[in-house]
Amino acid sequence: MFHSSAKQTAGLRRARGIMVNIGRFAVMLATTYLGLLAVTFFIGRVVPIDPVLAIVGDRAPASVVERVREEMGFNLPLWRQFVLYLQQALTGDFGTSVLTTNPVLEDIIRVFPATLELATVGTLIGAGLGVPLGVIAAVRRGSIADQIVRIVGLIGYSVPIFWLGLLSLLLFYAKLKWVAYPGRLDIAYEYTFTPITGLFLIDAAWTRQWDVLWDAFRHIILPGALLGYFSLAYISRMTRSFMLNELGQEYIVAARAKGLSERRIVWFHALRNAAVPLVTVIALSYAGLLEGSVLTETVFSWPGIGLYITNSLQNADMNAVLGGTIVIGSVFITINMLSDLLYRLLDPRTRAR
Amino acid sequence: MKPLLTVSNLSVTYPTRTGVVEAVRGLSFELGRERLGIVGESGSGKSQTGRAIMGLTPPPGIVRADALSFSGVDLLKAGSSTWREMRGSRMAMILQDPKFSLNPVMTIGRQITETLRHHENVSKREARRRAVEMLEAVQIEDPERVFALYPHEVSGGMGQRAMIAMMLVCGPELLIADEPTSALDVTVQLEVLGILDRLVRDKGMGLVFISHDLRLVSSFCDRVLVMYAGRIVEELATADLAGAKHPYTRGLLDCTPKIGESRHPLPVLERQKEWAA
């Protein structure tokens, strides 16, 4: 009787602990978003671009300019404008893009999946190859394999991506014809294929259009591999140094004294510990790619968010720029939160009790 | 009776940029199913000796010996697979600080069953049962609970008991304990030593107990090797400790404080070049 009630209180306490954690998480999330919105709002007001003039053009009569200014709420005090901005942003209304005349949200929903797909392919390649290469470099420190990984990484760091992009297009598309031309799909498919999520690889596989899947793959593989190569350079370096740190720990000696095989010691004991800081590194590199790599998107005519924001910026389309900034900021926040959660899963020492 | 472990003229050297460092130089001893203490100051080569016996000398260290054999196996000729079979199942080693020598992201139970399942073909359930039994044997009150804990969730004394359980679960014949209690509180030290003592006695293991604490070693072991600069300077039965002849051993013994004795000035260890020669 006493025992069971004690158990119950422990359960209640744990449930309350979880609730408190979720609450804390929500407050943190809300504050971060509020900060993000405030920063974008004030950037939008500080930049020397008059959004009214951007719409009516600089030859419109003063009365028209004044009327539009009032319609857009720019005559209100700054704090009222901010509240208005918050209300609109919370309902997903970032205004209309001057350049495309679509609501900004609609534009972003169209361009963001392209970036998401490319960044995901890039990160999968980068982490999938970078982590094993880093591990091998750490285990065989000072060997030829280590030197090769070092040189591959150094090239990845130092060669400009647009140059490598153009050269690889020349080689793999123009000469060897292994991959498809810039863009997400062949023109023939672009009018017949209706995306669902906007992630073409998934959409095509989902609807069993294997020819489209193959075509999308041939288009994404080159820019994806390039972005992957650049994140590989970074990820393999970091993996190497995390692994060297772990391999020097006493628990590795203990694992050897237990008679475990080198393979298990390296790929299970050491890597499992190195994975904890690696999660953050990979997540940040992924978030970096999700910002939209403008240069890659330009070279490969990839209709992603990097290209969208750059175009909007050049045309003084502030609504689009701010909307894009908010989306990128949200992506960063989300990825950070996710990596935080993953970090907790991987490292029992950071788990909330 | 044939000795369990024969070490003859063992040397461990490390090539460095400034020349070769000789960590252990010409060490010879035999070990039966007894408890042998190795004492010496930091850098005297006692830990290097323990690691060389386990085949755990880190590269670029080089181990040489006229003979190094363990219950009939010539360790000098052992390949890496022979070593792996021996370590953890027939010879084991306890390290100094459980804070660093247990894998922080694996539960204690998993680390114990890992040894077991690596060496013996046992089912998951059987491995778990024996791990819990082993935790009981190292006098952990609530073995089922500790089985599921992570190393950071237990105290140092508890962690070291888990370490002992992890290393002894396969019932090795030889145990090398490298300063197993140096990182623990003094009160916990005696408890852990007591547990170790009982297990070694019950299972008839050979024990090499490495420590810098001569008193501790003498209360715990049958025989003591005193090392200095990579060599054995004196070998004694613990009963004859008072009759130690070598000035270094005498110096170590003189460092022990006695109640009611004046310690001014503090005695200083004497070191002479010719002892290392």
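Protein chains in written order, with our numbering: chain A, -10 to 342; chain B, 949 to 1225. The beta-carbon is built from N, C-alpha and C at its ideal position, and this holds for glycine as well.
Residues of chain B with CB closer than 9 angstroms to the CB of residue i, please, in chain order.
| i | result |
| --- | --- |
| A:A194 | Within 9 angstroms Cβ-Cβ: nothing; A:A194 doesn't reach chain B, min ~35 angstroms. |
| A:L249 | R1032, R1035, G1036, E1062, T1063, H1066 |
For a contact meaning CB atoms closer than 8 angstroms, what does residue i contact in chain B?
| i | result |
| --- | --- |
| A:P266 | Chain B residues near A:P266: none, gap ~12 angstroms exceeds 8 angstroms. |
| A:L335 | V1053 |
Buried or exposed: residue i, going by 16 or more other Cβ atoms within 10 Å of its Cβ?
| i | result |
| --- | --- |
| B:L1122 | buried |
| B:Q996 | buried |
| A:A272 | buried |
| B:M1002 | buried |
| A:N10 | exposed |
| B:P1128 | buried |
| A:N64 | exposed |
| A:R129 | exposed |
| A:P40 | buried |
| B:C1203 | exposed |
| A:W167 | exposed |
| B:S1210 | exposed |
| B:D1126 | buried |
| B:D1133 | exposed |
| B:G998 | buried |
| A:S147 | exposed |
| A:R173 | buried |
| A:L311 | buried |
| B:I1088 | buried |
So is residue i in contact with chain A if we call contact Cβ pairs under 7 angstroms?
| i | result |
| --- | --- |
| B:H1100 | yes |
| B:M1002 | yes |
| B:F1048 | yes |
| B:M1106 | no |
In chain A, which residues lie less than 7 angstroms from residue i when you measure between Cβ atoms?
| i | result |
| --- | --- |
| B:P1052 | N262, R338 |
| B:M1041 | A246 |
Sort out for me which residues DSSP pairs residue i with in a bridge.
| i | result |
| --- | --- |
| A:P92 | A:T85 |
| B:D1126 | B:I1158 |
| B:E1183 | B:L1173 |
| B:A1224 | None, per the DSSP bridge assignment. |
| B:D1022 | B:S1017 |
| B:A1042 | In the sequence as displayed, the identity of residue 1042 of chain B is Ile instead of Ala. B:A1125. |
| A:Y180 | None, per the DSSP bridge assignment. |
| B:L953 | B:L979, B:F1018 |
| B:I1010 | B:T961 |
| B:V1117 | Paired residues: none, contrary to the question. |
| B:R1035 | B:M1039 |
| B:E1218 | Per DSSP, none; premise fails for B:E1218. |
| A:I322 | The partner list for A:I322 (beta bridge, DSSP) is empty, contrary to what the question assumes. |
| B:G967 | B:T964 |
| B:I986 | B:I1158, B:L1173 |
| B:V972 | B:V960 |
For a contact meaning CB atoms closer than 9 angstroms, what does residue i contact in chain A?
| i | result |
| --- | --- |
| B:M1115 | A243, A246, K247 |
Can you confirm whether residue i, when its beta carbon is compared against all beta carbons of chain B, has any partner nearer than 7 angstroms?
| i | result |
| --- | --- |
| A:E239 | yes |
| A:M(-10) | A caution first: A:M(-10) carries a pLDDT of 43, below 50, which makes its placement in the model unreliable, though a value can still be read off. No, A:M(-10) does not count as interfacial toward chain B. |
| A:H208 | no |
| A:S328 | no |
| A:R342 | Here the model assigns A:R342 a pLDDT of 49, short of 50, so the residue's position is not dependable, and the following value carries that caveat. Not an interface residue. |
List, in order along the chain, the chain E residues whose C-beta lies closer than 9 angstroms to that of residue i?
| i | result |
| --- | --- |
| B:D1170 | The displayed structure is made up of protein chains A and B, and chain E is not among them. |
Could you list which residues in chain A have their beta carbon closer than 8 angstroms to that of residue i, in chain order?
| i | result |
| --- | --- |
| B:D1045 | E239 |
Let me check you understand the geometry: is the CB of residue i closer than 6 angstroms to at least one non-hydrogen atom of the ligand HEM?
| i | result |
| --- | --- |
| A:V36 | This structure does not include the ligand HEM; it has no bound ligands of any sort. |
Q. Using a beta-carbon distance cut-off of less than 8 angstroms, what residues from the segment 125 to 150 of chain A approach chain B?
A. Along the segment 125 to 150 of chain A, there is no position whose C-beta sits under 8 angstroms from a C-beta of chain B.
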